[in-house]
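J.: Numbering (full-length UniProt numbering), first residue to last: 1 to 311.
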């Protein structure tokens, strides 16, 4: 149901993401890591349907298994709705029905997309009229990836990833995502990375206080050069994710043997993102991975950020 059809339900959509480049710096005083990342929104979307209620509740639909997703106050979409209500003085509640298409705990920002779409949907449903700039400020309080789910496209993220600056990207990039049966906790992957760095402190460079995104990534995006981007993909978190789920290394190898220009763990994992030369190559990668019992989904980027759904 669209926002134009009725004031009793509003629908909004927000995209998942892939980290094209993720450099993790040292731990900050607040316990978070300083990061520098290049985000790209992809055409896998979370659809949030918001309707009036006296309290705050969330239910799920879609093809993604949501058994591990909380439905209480710890759910990020519920947190987003409560935060907007507090900010605007809204006294009612909301029922959120979320159609999930982004893997859960897969390193693709599905929960962040839920929160971003919830902010947009509730702002429209309640008539609070905050506007995009204020919603982005609220999003930063919810999580590092939530502001990007609102903005979409391609962007650089610094700080915890929440401070965004746009990145020029031309053309379209085609991705195949290999889905894992079990998710990974982002804090656990960060902890494993810290452990890895401490253990191998004599062999690897120390984490930079202020990490940065390599210029090769920016040049590839500006040129719309898929091969150049494939050569520039990087994720500091990958070593930790592979230690926690060693089988991911075999998935990456299989995808690259099947024609992917490059494979990389997406964010904190365990989803593996394969960059394909074009749609035909993506289909070949999908067929090969599927033949080996690996679930896949195809998407393109960059995609638009959170927005109201209208007919």
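Glycine included, every Cβ here is placed at the ideal spot set by N, Cα and C.
If you count every other CB in all the chains shown that lies within 10 Å of the CB of residue 264, and 16 or more means buried, which is it?
T.: Locating residue 264 in the chain shown gives position 264, counting from the first residue. By the 10 Å Cβ count, residue 264 comes out buried.
J.: With DSSP as the reference, label residue 5 as helix, strand or coil.
T.: Here residue 5 refers to the residue found at position 5 when the chain shown is read from its first residue. In this predicted model, residue 5 has a pLDDT of only 35, less than 50, meaning its place in the structure is not dependable; the value taken from the coordinates is given anyway. DSSP places residue 5 in coil when its eight states are reduced to three.
J.: Considering residue 79, what are the terminal residues of the alpha helix (DSSP H) in which it resides?
T.: As a position in the chain shown, residue 79 is number 79, starting the count at 1. Per DSSP, residue 79 belongs to the alpha helix (DSSP H) from 76-88.
J.: Looking only at DSSP bridge pairs, what is residue 47 linked to?
T.: As a position in the chain shown, residue 47 is number 47, starting the count at 1. Its beta-bridge partners are 13 and 99.
J.: Any chance you could list the alpha helix (DSSP H) runs of at least 4 consecutive residues sitting entirely within the UniProt domain "GHMP kinase C-terminal" (218-293), in chain order?
T.: Entirely contained in the UniProt domain "GHMP kinase C-terminal" (218-293), the alpha helix (DSSP H) runs reaching 4 residues are, in chain order, 226-232, 238-244, 247-257 and 279-291.
J.: So, using beta-carbon positions, are residue 106 and residue 302 closer together than 9 angstroms?
T.: By 1-based counting over the chain shown, the position of residue 106 is 106. By 1-based counting over the chain shown, the position of residue 302 is 302. In this structure, residue 302 does not lie closer than 9 angstroms to residue 106 by Cβ.
J.: Work out the CA separation of residue 86 and residue 282 for me, nearest whole Å.
T.: Working through the chain shown from its first residue, we reach residue 282 at position 282. Working through the chain shown from its first residue, we reach residue 86 at position 86. For residue 282 and residue 86, the distance between alpha carbons rounds to 45 angstroms.
J.: Assign residue 103 to one of two classes, buried (16 or more other C-beta atoms within 10 Å of its C-beta) or exposed (fewer than that).
T.: Counting from one through the chain shown, the residue named residue 103 turns up at place 103. Under this definition residue 103 is a buried residue.
J.: Do the stretch 230-250 and the stretch 155-169 make contact, defined as three or more Cβ pairs closer than 8 angstroms?
T.: Short answer: they don't touch.
J.: Quick one: Cα of residue 26 to Cα of residue 197, how far?
T.: The residue you call residue 26 lines up with position 26 of the chain shown. The residue you call residue 197 lines up with position 197 of the chain shown. C-alpha separation (whole angstroms): 10 angstroms.
J.: Could you pull the start and end residues of the alpha helix (DSSP H) that residue 189 belongs to?
T.: Locating residue 189 in the chain shown gives position 189, where the first residue counts as 1. Here the alpha helix (DSSP H) through residue 189 covers 186-199.
J.: Could you spell out the range, first to last residue, of the beta strand (DSSP E) harbouring residue 165?
T.: Against the chain shown, residue 165 aligns to sequence position 165. Unbroken beta strand (DSSP E) run through residue 165: 163-166.
J.: How many angstroms separate the CA atom of residue 4 from the CA atom of residue 310?
T.: The sequence position of residue 4 within the chain shown is 4, counting from 1. The sequence position of residue 310 within the chain shown is 310, counting from 1. A caution first: residue 4 carries a pLDDT of 37, below 50, which makes its placement in the model unreliable, though a value can still be read off. Roughly 7 angstroms between the two C-alpha positions.
J.: Could you name the residues that DSSP lists as bridge partners for residue 175?
T.: Position 175 of the chain shown, counting from 1, holds the residue named residue 175. The partner list for residue 175 (beta bridge, DSSP) reads 275 and 299.
J.: Just to confirm, are residue 126 and residue 274 a CB contact at a threshold of 9 angstroms?
T.: Here residue 126 is taken as the residue at index 126 of the chain shown, counted from 1. Here residue 274 is taken as the residue at index 274 of the chain shown, counted from 1. No, the Cβ-Cβ distance between residue 126 and residue 274 is not below 9 angstroms.
J.: Which of the three DSSP states, helix, strand or coil, is assigned to residue 157?
T.: For this step, residue 157 is matched to residue 157 along the chain shown. Of the three classes helix, strand and coil, the one that applies to residue 157 here is strand, per DSSP.
J.: Cβ atoms of residue 11 and residue 304: under 9 angstroms apart, would you say?
T.: Sequence index remark: in the chain shown, residue 304 carries index 304 (1-based). Sequence index remark: in the chain shown, residue 11 carries index 11 (1-based). The answer is no: Cβ separation not under 9 angstroms.
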